[in-house]
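> Protein chains in written order, with this note's numbering: chain A, 1 to 438; chain B, 439 to 654.
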């Protein structure tokens, strides 16, 4: 296994124009995000957990309870697609509330989901009753094991342990509408909720991670995207608590806990309402909270394929320093990937690469991959990026033909892969054979 | 519009549920016609909130509070409206969120809009299994069945439900609408729905179109 520090250093040097050997996926991303030179536009591995489960045909009731199966399946599927990185995670939004006693719904074919009709928190007095989080409960031990496996199997990857950040945790515990009512109508209760999330739930989880030797955790906060929360509410609540958790973890546990990931993501659904001013405010908030303090222009989970992507470029130019625009993460929308034809995907990438990729500093990503996305669409996106995104970018991209991807079916490809045993054994599992709680 | 109804409209726009309920009670006590209170106060308020939403002046948290105020206002008003409409046939709309899906905000907004348009809405709730939808169609014989989903994984249930209705010969005279964040017109066409409700306002408009542009 190549040394990740070497790969990162190679990426930094490559970005500055010093080419030593072939770039690894990690090196390619570092080169694209930090420098002016890279061999081809990188394709970041997206959030893919339930899609990977579907591709690998493993049972949900085992997959979401077995850290090794979850990690191996996603690593294998990511490699089958040829991504340059992994985003390995489970249904990270559920772990904390499940461990604290929230009613869950389990399924044979889909990820667990919180039963918001029976919320964990119904009234302020519930906060005294529930907590602190016991890291031996629920699937928290699995979350810790995922982190340990990643240290072993994917050192240096961008995949930290994911946890559910403050606002999303509150929404999971009481339902979004009630959480919003608290935020808008009862600031004292809202403050108690955020304090509870920070001190009673997340810090104990981070302490358990630190004890297990994990140094890096990332808090996802999709409920803090726009328009679920306005940029003002994100600044008032989400960012200060993210800072508070991060500082405490750094001081007391010596680990990096990046909470509030995805807060401010511009997820406007209606193209008629896309608004450049609001989008720029959202991008600024999102950039403030980006992992590793990287300055980037990120598009995230929203219907970015419908944005005027010149806006994203305008933002990157506006925020850039010393004549350089910010690097751009161009995220294909999950539904677009699921519902489009391969030709439409190639067309989208052709336009984006022409607009955003000519002067380097571009990474292609997928917001998330829905479970039922046709694999050919993902293969097509990766192939189109590799073909059209080869530097120097062709002057006339419309003249470059992207052939349909050729790839082995997953099961054939899996033969001989290091994850084959784990995945094939999991397919034989039947309910009741292992002590799965669901 | 009277000052009182203007205040009611304002309370709903501002999401003040306590004030909205009080103003409706007061207006009813003064003998204002329930339909005037509904149309000039309550519906006017939620429509204004919808306009502010469309114009990017209101965001989801504001809409939740406005919907709360709308519901609070409807509580004392609904029995009086029903009483005044008792002589007229009312269109029935059965609605529910499909199995495995717990999200009810969108459904609540759609119900509020449909009620304001005069539909009798039967709410099956969230996480509703296919069999319960089928039973409800048999029991209530609605004009329209509305299926909601918030997740790309759960929306696939809709196809099965619509197919099952067809298998059991229940599609005659029944229109089916689908809605929710991951759905689209293409998806609605694919699963055999009669209409797609992009948001609560459009869902109400489509529902009215499906029943011939009038209700009751």
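The C-beta atom is built at its ideal place from N, Cα and C for all residues, glycine as well.
So the beta strand (DSSP E) residue 202/A belongs to, where does it begin and stop?
Note, residue 202/A: premise wrong, no beta strand (DSSP E); not H, not E.
> Please report the distance separating the alpha-carbon of residue 57/A from that of residue 248/A.
If I take the Cα positions, the gap works out to 41 Å.
> State the DSSP-derived secondary structure class of residue 109/A, mapped to helix, strand or coil.
Here residue 109/A sits in coil by DSSP.
> Which residue marks the beginning of the beta strand (DSSP E) containing residue 161/A, and which one marks its end?
Unbroken beta strand (DSSP E) run through residue 161/A: 161 to 164.
> Residue 5/A by DSSP, collapsed to three states: which one?
Residue 5/A falls in the helix class under three-state DSSP.
> Taking the alpha helix (DSSP H) that residue 645/B falls in, what are its first and last residues?
638 to 648 is the extent of the alpha helix (DSSP H) around residue 645/B.
> Please report the straight-line C-alpha distance between residue 517/B and residue 460/B, rounded to a whole angstrom.
Cα-Cα distance, rounded: 16 Å.
> Would you report the Cα separation of residue 536/B and residue 384/A, rounded to the nearest angstrom?
Rounded to whole angstroms, residue 536/B to residue 384/A spans 36 Å at the Cα level.
> On the DSSP letters alone, give me the boundaries of the alpha helix (DSSP H) that residue 385/A sits inside.
Residues 375 to 388.
> Starting from the Cα of residue 451/B, find the closest Cα among 491/B, 472/B, 475/B, 464/B and give me that residue.
Looking at the Cα atoms, 491/B is the closest of the given residues.
> Going by alpha carbons, who is nearest to residue 228/A out of 276/A, 376/A, 177/A?
Nearest of 276/A, 376/A, 177/A to residue 228/A, Cα basis: 177/A.
> In the DSSP output, what is residue 634/B paired with across the bridge?
For residue 634/B, which the question treats as bridged, DSSP gives the partners 616/B.
> Under 6 Å: does the beta carbon of residue 220/A sit that close to some heavy atom of the ligand FMN?
In the structure on display, the ligand FMN does not appear, and there are no ligands present to speak of.
> With 7 Å as the threshold, decide whether the Cβ of residue 168/A is near any Cβ in chain B.
With 7 Å as the cut-off, residue 168/A does not count as an interface residue toward chain B.
> Determine the burial state of residue 238/A: buried for a count of at least 16 other Cβ atoms within 10 Å of its Cβ, exposed for fewer.
Looking at its Cβ environment, which holds 16 or more other Cβ atoms inside 10 Å, residue 238/A is buried.
> Could you say if the segment 137 to 148 of chain A and the segment 590 to 606 of chain B meet the contact criterion of at least three C-beta pairs nearer than 8 Å?
In short, these stretches do not touch, since the Cβ pair count stays below three.
> Note down, in chain order, every chain A residue with its Cβ under 7 Å from the Cβ of residue 494/B.
Under the 7 Å cutoff, chain A gives 273, 275, 278.
> Just mark residue 395/A as buried or exposed, buried being the case when its beta carbon has 16 or more other beta carbons within 10 Å.
Residue 395/A is exposed by the Cβ-count criterion.
> Would you tell me roughly how many angstroms separate the C-alpha atoms of residue 112/A and residue 62/A, rounded to the nearest one?
C-alpha separation (whole angstroms): 11 Å.
> Excluding the 5 residues preceding and the 5 following residue 116/A in the sequence, name in chain order all residues of the same chain whose CB lies nearer than 6 Å to its CB.
The answer, listed in chain order, is 175.
> When you compare the CB of residue 192/A with every CB in chain B, is at least one pair closer than 7 Å?
So no, residue 192/A is outside the interface.
> Taking the continuous beta strand (DSSP E) assigned at residue 331/A, which residues delimit it?
328 to 332 is the span of the beta strand (DSSP E), which, as asked, contains residue 331/A.
> Please classify residue 393/A: does DSSP put it in a helix, a strand, or coil?
Correct three-state label for residue 393/A: coil.
> Enumerate in chain order the residues of its own chain whose CB-to-CB distance from residue 608/B is below 6 Å, with the five nearest sequence positions on each side excluded.
The answer, listed in chain order, is 575.
> Grab the span of the alpha helix (DSSP H) containing residue 192/A for me, first residue to last.
From DSSP, the alpha helix (DSSP H) with residue 192/A extends over 187 to 195.
> Which residues, in order along the segment 208 to 233 of chain A, keep a beta-carbon less than 8 Å from a beta-carbon of chain B?
Result list: 226, 227, 228, 229, 230, 233.
> Identify every residue that forms a DSSP beta bridge with residue 534/B.
BP columns for residue 534/B point to 585/B.
> Say whether chain B places a C-beta atom closer than 7 Å to the C-beta of residue 177/A.
Yes, residue 177/A counts as interfacial toward chain B.
> Can at least three beta-carbon pairs, one atom from the segment 68 to 87 of chain A and one from the segment 548 to 563 of chain B, be found at a separation below 8 Å?
With a cut-off of 8 Å, the segment 548 to 563 of chain B and the segment 68 to 87 of chain A do not count as touching, because too few Cβ pairs lie within range.
> Can you tell which of 578/B, 637/B, 444/B, 440/B has its C-alpha closest to the C-alpha of residue 551/B?
That would be 637/B, whose Cα lies nearest to the Cα of residue 551/B.
> Which same chain residues end up closer than 6 Å to residue 83/A when comparing Cβ atoms and leaving out the 5 residues on each side of it in sequence?
So the list reads 43, 45, once near-sequence residues are dropped.
> Taking beta-carbon pairs under 9 Å, can you tell me which members of the segment 574 to 597 of chain B lie near chain A?
If the cut-off is 9 Å between Cβ atoms, the segment 574 to 597 of chain B has 589, 590, 591, 592, 594 near chain A.
> Identify whether residue 81/A lies in helix, strand or coil by the three-state DSSP scheme.
Residue 81/A falls in the helix class under three-state DSSP.
> Looking at C-alpha atoms only, which residue of 504/B, 620/B, 572/B is the closest neighbour of residue 482/B?
Of the candidates 504/B, 620/B, 572/B, the one whose C-alpha sits nearest the C-alpha of residue 482/B is 504/B.
> In three-state terms, what does DSSP make of residue 561/B?
In this structure, residue 561/B counts as strand in the three-state DSSP scheme.
> State buried or exposed for residue 340/A, treating a residue as buried only when at least 16 other CB atoms are found within 10 Å of its CB.
So residue 340/A ends up on the buried side.
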